[in-house]
Amino acid sequence: MIKNFFKIAFRNLVKNRMFTLLNIIGLSFGLAGFIFITTYVFDELSYDKFHTQADRIVRLNTHIHIGESKMDMALTSDGIGPILKNEYTEVEDFTRLYTSAGAKLIRKAGKWINETHVAHADSSFFRIFSYQVLHGHLDQALTEPNSVVLSRSAAERYFDSTDVVGKTLETNDAGNTVYQITAVIEDMPRNGHFNYDFLFAMENAPYWNWGELLSHNFTTYILLRNATDRSLLETHLEAYVHKHGLPAAKRYMDVTDIESFRKDGNVFHYDAIPITDIHLRSNLRGELRPNSSFQYVYIFSAISLFILLIACVNFINLSTARSANRAKEVGVQKILGASRSSVAGQFLAESLLLALGGIILAIVLVALSVPLFNELSGKEFKINDIINFRSLPLFALLLLFVGLVAGYYPAVYLSAFNPLQVLKSHTVISSGKSVFRSGLVVFQFTISIVLIVGTFIVTAQLRYIQHKKLGYERENILVINDYHALGNQTKAFRDEILNLPNVKTGTISGFLPVSNSSRSDNPYSKETVMTPNNTVQLQTWHIDEQYIPTLNLELVSGRNFAVARRADSAAVILNETAVKHFGLGEDPIGQQIHFQFGDGMESFHVIGVIKDFNFESLRDPVTPLGFFLGHSPSQAAFKIETTDLPLLLSRIENKWNKLAPGFAFDYRFMDEAFDSMYKSERRMSRLSLTFAAMATGIACLGLFGLAAFMAEQRSKEIGIRKVLGSSVTGIVAMLCKDFVKLVFIAIIIAVPIAWWAMNKWLEDFTYRIDTSWWIFILTGIIAVIIALFTVSTQAIRAARANPVDSLRNE
């Protein structure tokens, strides 16, 4: 019997080609979208779960708020890990990572290569984290100074082989340092919150402040004895603050106890986050890689479910709309003795065949679209990551869900027809069923409108970011990386570049207002005795006298640095926020701020005030910033004219090669570096646009089919109206009116949902657009136009048909 069900079902589907084609195309696109988004969501949720001890690994975070200055960091001091292990039994082990500037120059065949996936790690690193070893012994790999562990890719890049244990690498550490390779590991999985090609021994870390418990520059991980010990650890972290943090703080400020410190609204504490939560639940200063957000997981999970539901709704709507055409077929089957269950089984067989066709086409679409999806999502999926034996249960589940769940209602509805009524041509379409189908259309367009509004608002926010006046020049600024490779020739090189045509100004400083630049905060006070109430956490940037004119920063009072003035070595230029936080009043010029270290103190007099500019992401407010005259040669920035840019870059590179032979000329443009700070938002914009278009397209396929069947059902009415003199325009308006009403209802439902959802998303930005009314009006107009265009094609066809054809049997 089952075989017969499917044989008849196949014939019916072939007979009704348009219905079959619309359903399979709609299902395939919906299923392909669902598969892609589900793969994306599962990948986001999988971060760091490949470590065998993942449930026992936590990372320590630091939170220090003094007055209006706030530091929330994924960093700690070098000393907290050893202290916790020595004093608290729930701590089985610890390890630290130190990334310094996040890059090293490594020599290859006489040339220096800038490597950015580098870190220094403790010898305990491989006791805590799980990586596949290819050569060497991980338990001894980093126990000695001048040792390094390479990834497979790094070993093959430098030696064309992975069997390189015992060979050496030369870096630019402390002049030149030779490291011996002690192990080679498989490339770190991409779904980890850090990814390194080189792990150097911690003993070689270029760090000068060892043992200073308030200097936070290390990423510290704790291996707990039991997964349930995290709350106990956080209790002991509070004890650590009292026992070790407070004495360290007393060296810098007048503070008696933590309770009085916190009573004034200040914060000083540490917490522990499970390693598997870092990627989606942590966005602190000092993250080893840009993280995502659980917010996006929720959003895309909802989108995937809605796209699947829209595809299923299409199936239900098209199947029930065809009920009038198939009513007599059901009546004849029942007169010939078919039971309701056998009729329902027949329709479920058709549903399963359609679902199978949709899944097969969806798999083809997925296989063809993997490169496009990677570009949109920023992932690196391969076809076998999505389509493999492990995914067969998902495809089987989708087949059953779409085939049985989506086919259940049409099967039950159609199998319930009374054979005598339908064979006498009595109507079988009740108002209740029509209302149900209308509700499904409203649901489809509600989802589509919400997605379209979301796309508009994300795009508008990104455009706002792109065009917002940040307070500094970012266009036509050439940034040269690894500038310190020039050694003592940094100023000579700058002067040579400034002599080139199309180069206006240039500055040497690693502190730039874009990502992958140096940052440093230190506590300062306008009082000589520092207390929690008068301390300001100040970003301390070392710049030269050309920094302000090169970036076109605005001095609102005072003057710039002048190298000829020896007193400027003890001068500072503050931003407006710093002046406010220090309480320097209307005339800060000439006043002093102080930095205390141990038993000593440095004082700096204010010579200028610059207008606030956004030197971090627009998600964050402007914080206190101070410029100090100093040497920070890791980068240099030049204001250029872009006429004949290739020739200018070639000339600069030639000069670089003469003064820094063997060092690669590595550069970027500041506007591109600025754009890279908003990769996740751009990714969300692209994905939202893609899936909004997909959802709308699927909904329109259903609307097209529904309009076709409604026009067919009302063909006699249309014929009579034409005989009585109705125009084509009037008939088209009549047919379109009902569908446009449904779209208007969808707009009314979707607008408050979209307004709420997008305002929640915009809360992450300190500087943001307002959710303008025109976005909702424009989206509504677009939805109405799409619906009208979709329905009118069928309406015009029906209105222009010869009425004789529909009335000849009456």
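Adding 1373 to a residue's 1-based position in the sequence shown gives its number in the working numbering. Ideal Cβ placement from N, Cα and C applies to all residues, glycine included. Quick caveat, the model's predicted, so the values are computed rather than measured.
Query raised in the report: How would you write the range of the beta strand (DSSP E) that Trp-1914 sits in, first residue to last?
Result: 1908 to 1916
Report task. Express the C-alpha separation of Leu-1843 and Tyr-1569 in angstroms, rounding to a whole number. Result -> 33 Å
Query raised in the report: What is the DSSP secondary structure of Ile-1760, reduced to helix, strand or coil?
Result: coil
Query - In DSSP terms, what Phe-2000 is bridged to - result: Trp-1914, Ile-1946
Query raised in the report: Out of Met-1444, Gly-1548, Leu-1404, which has the shortest C-alpha to C-alpha gap to Leu-1773?
Result: Leu-1404
Query raised in the report: What runs of the beta strand (DSSP E), each 3 residues or longer, lie entirely inside the segment 1499 to 1524?
Result: 1506 to 1509, 1520 to 1524
Report task. Rounded to whole angstroms, what's the CA-CA distance from Ile-1733 to Leu-1400? Just pull it up for me. Result -> 10 Å
Query - Sufficient close CB pairs (3 or more, under 8 Å) joining the segment 1490 to 1501 to the segment 1463 to 1470 - result: yes
Requested in this report: Buried or exposed for Arg-1417, please, with buried defined as at least 16 other CB atoms from any protein chain shown within 10 angstroms of its CB.
Outcome: Residue 1417 is actually Glu in this sequence, not Arg. Buried, by the Cβ-count rule.
Report task. Return yes when the Cβ of Val-1551 is within less than 7 Å of the Cβ of Thr-1541, no when it is not. Result -> yes
Query raised in the report: Can you tell me where the beta strand (DSSP E) with Val-1491 in it begins and where it stops?
Result: 1491 to 1494
Query raised in the report: Should Ile-1736 be listed as close to the ligand SAM, given that the test is whether its C-beta is under 6 Å from any heavy atom?
Result: You won't find the ligand SAM in this model; it holds no ligand whatsoever.
Query raised in the report: Which of the three DSSP states, helix, strand or coil, is assigned to Gly-1454?
Result: helix
Query raised in the report: First and last residue of the beta strand (DSSP E) that includes Thr-1468?
Result: 1464 to 1471
Query raised in the report: When you compare only the Cα positions, how much space is there between Asn-2132 and Ile-1921?
Result: 36 Å
Query raised in the report: For His-1615, which residues of its own chain have a beta-carbon under 7 Å away from its beta-carbon, when the five flanking residues on both sides are left out?
Result: Ile-1631
Query raised in the report: Using the rule of at least 16 other Cβ atoms within 10 Å of the residue's Cβ for burial, across every protein chain shown, is Glu-1927 buried or exposed?
Result: exposed
Query - Cβ-Cβ separation, Lys-2012 to Lys-1864 (assumed contact under 8 Å), whole Å - result: With 8 Å as the limit, Lys-1864 and Lys-2012 do not qualify as a contact, their Cβ atoms being about 17 Å apart.
Report task. Check the DSSP bridge columns for Glu-1543 and list the partner residues they point to. Result -> Val-1551
Query raised in the report: Any idea which residues DSSP pairs Ser-1655 with across the strands?
Result: For Ser-1655, which the question treats as bridged, DSSP gives no partner whatsoever.
Query raised in the report: Expressed to the nearest angstrom, what Euclidean distance is found between the alpha-carbon atoms of Phe-1423 and Asp-2137?
Result: 30 Å
Requested in this report: For Ile-1962, count neighbouring C-beta atoms within 10 Å of its own C-beta (all shown protein chains included) and say buried if the count is 16 or more, exposed if not.
Outcome: exposed
**Report entry** Cβ-based neighbour list, Gly-1440, same chain, cut-off 6 Å, excluding 5 preceding and 5 following
**Finding:** none
Query raised in the report: Whose C-alpha, out of Val-1909, Ala-2068, Phe-1986, is nearest the C-alpha of His-1954?
Result: Val-1909
Report task. Using three-state DSSP, classify Asn-1687 as helix, strand or coil. Result -> helix
Requested in this report: Check Met-2050 in the structure and name its three-state DSSP category.
Outcome: coil
Query - Exposed unless 16 or more other CB atoms sit within 10 angstroms - verdict on Asp-1421 - result: buried
Report task. Measure from the alpha carbon of Arg-1867 to the alpha carbon of each residue in Tyr-1845, Asn-1906, Thr-1923, then state which is nearest. Result -> Thr-1923
Report task. Just tell me which of Leu-2021, His-1967, Ala-1675 has its CA closest to the CA of Tyr-2040. Result -> Leu-2021
Query raised in the report: Quick one, are the C-beta atoms of His-1915 and Phe-1829 less than 7 Å apart?
Result: no
Query - Coil, strand or helix - Trp-1485 by DSSP - result: strand
Query raised in the report: Span of the alpha helix (DSSP H) holding Asn-1396?
Result: 1390 to 1418
Query raised in the report: So what does DSSP say about Met-1446, is it helix, strand or coil?
Result: strand
Query raised in the report: Considering only the beta carbon of each residue, do Ala-2010 and Thr-1880 sit closer than 7 Å?
Result: yes
**Report entry** Buried/exposed call for Gln-1969, threshold 16 Cβ in 10 Å
**Finding:** buried
Query - Coil, strand or helix - Gln-1965 by DSSP - result: strand
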